Structure formats: C-alpha cells, structure tokens
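Only one structure is covered here, and it is reproduced in the block below.
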Amino acid sequence: MIAIGGGGFIPARMLRTFLKKTERGNIPIQAIGLSLYEELANAGGEEKPGTQVQKTQWLNFGASHSEISLLGRRILIVDEVDDTRTTLAYAVEELKKDVEAEEIRRGMKPGESKTTFGVFVLHNKLKPKKRDLPEDIMKNYFAAVEMPDQWLVYPWDALDIESHTELANKNA
Ligand code: 5GP
C-alpha cells in the first residue's frame with residue numbers, strides 16, 4: 002500500500018488488518034505526502050484559480066541504495082477522502098512516471114513490468130470531479146462509503162475524542 006499523508010495513514014493501517022498477509026508477512030505501507038492548494042494563475046491577463054498539488058514527501062525507490070522496487074507490484078493507493086479527485090489523479094500520475102522511469106533504468110519497455118495500481122478511500126464524495134482517474138485505475142477503485150458533498154471531520158483530527166464521539170452519535 003502507498004498511503005497519502007496524513008489522512009491516508011490511519012485508514013491504511015486499519016485496512017491492513019483486513020487484508021491477507023503475504024508470504025513475506027504483513028503488507029508493507031509506504032508513505033507519500035501531498036498537499037493541495039489553490040493558486041491564482043495569470044493566464045493572458047486573466048486571473049484564474051487553479052489547483053496545484055505539491056509533494057511534501059515521496060518514495061525513495063529511485064535512489065541507487067534503495068532495495069525496494071515498485072516493479073511488478075499490485076499497488077493500492079490509500080487516502081481518506083476523494084473530494085475533487087485532484088490529489089489522487091496527481092498521485093497516480095507521478096507514481097506511474099516513477100514506474101516507467103524504473104523500467105527504463107532496468108532496460109525494460111514502458112509497461113513491461115505489469116505493475117498495477119488501485120485506489121482505496123474511506124469516503125468518495127459524489128460530485129463533479131476536477132480530475133479523472135485512468136480507466137485501468139477505476140477498475141480497482143474502492144470507496145468504503147459514497148456520500149453527498151459534505152465536510153467530514155475525522156476522529157484523528159479531534160483534540161477531544163469524547164466530545165467528537167458525542168457529536169458524531171448525536172448526528173448519526
Ligand atoms: P481532493 O484532491 O480529492 O480534492 O482532496 C483531497 C484532500 O482534501 C483530502 O486528502 C483531504 O485532506 C482534503 N479533504 C477534502 N474533503 C475533506 C473533508 O470533507 N474533510 C477533511 N477532513 N478533509 C477533506
């Protein structure tokens with residue numbers, strides 16, 4: 002699994018409990034950090050809001066000392082929520098680039114390693130998305146809950162878990 006931090010960390014760890022162990026033990030969880038921000042791009046004199054994603058943390062599989070490879074793996078990208086889909090689309094795009102670069106480095110043709118990606122989110126908001134995910138990814142797209150476009154407050158963001166739970170129960 003590749004968890005997108007920070008929201009994907011706790012869901013990924015919980016999900017691992019429900020996934021089968023591999024012959025090498027528990028499924029490894031790697032972490033990447035992505036942050037989404039709105040930016041005012043000046044396009045031909047016209048100020049247009051755009052959405053940018055920034056890497057705050059990334060895999061070091063490309064490093065020469067890395068003993069881990071993405072190639073040939075079935076990779077599940079985990080995040081807490083699919084809102085506009087911008088973050089997930091960016092993550093998929095960048096990870097696919099990494100796979101292709103590694104294939105070329107190892108003298109393979111692009112796609113030869115048959116590395117596959119899937120996505121798991123706790124919540125998918127049913128709304129028009131700003132970005133699409135490739136078809137091959139949507140075949141392995143899992144959302145635990147599909148929901149209307151509402152703001153979610155996750156328990157791991159609560160400073161006081163007792164009152165968070167009380168509020169959650171009241172609104173259930
Ligand atoms: P997207 O790129 O899909 O628009 O947004 C993804 C990120 O926005 C999520 O990883 C999350 O950090 C944040 N986000 C979007 N909607 C919510 C929400 O309802 N609650 C919380 N806590 N974060 C959200």
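Using the numbering used here, read the sequence shown as starting at 2 and increasing by one per residue. For every residue, glycine included, the Cβ atom is placed at its ideal position computed from N, Cα and C. Source: prediction; values computed, not measured.
If the criterion is Cβ atoms closer than 8 Å, does the pair residue i and residue j meet it?
i, j, result
"Val93", "Ile5", "no"
"Asp83", "Lys126", "yes"
"Met2", "Leu89", "no"
"Thr87", "Thr52", "yes"
"Leu60", "Asp99", "yes"
"Ile28", "Leu20", "yes"
Please list, in chain order, all residues of the same chain as residue i whose beta carbon is under 8 Å from its beta carbon, the five residues on each side excluded.
i, result
"Leu148", "Note that residue 148 corresponds to Met in the displayed sequence, not to Leu. Excluding sequence neighbours, Met148 sits near His124, Asn125, Lys126 and Leu127."
"Ile105", "Pro111"
"Asp133", "Arg86 and Ala90"
Residues in the same chain with beta-carbon distance under 6 Å from residue i, minus the five sequence neighbours each way, listed in chain order, please.
i, result
"Phe143", "Phe121"
"Gly34", "Gly6, Thr57 and Gln58"
"Ile11", "Trp157"
"Ser36", "Gln55 and Thr57"
Who are the Cβ neighbours of residue i in its own chain at under 7 Å, not counting the five residues just before and after it?
i, result
"Val146", "Leu123 and His124"
#### Entry: At least 3 beta-carbon pairs within less than 8 Å: the stretch 106-117 vs the stretch 153-161
no
### Message
Which runs of the alpha helix (DSSP H) at least 4 residues long sit entirely within the stretch 74-119? Give them in chain order.
### Response
87-106
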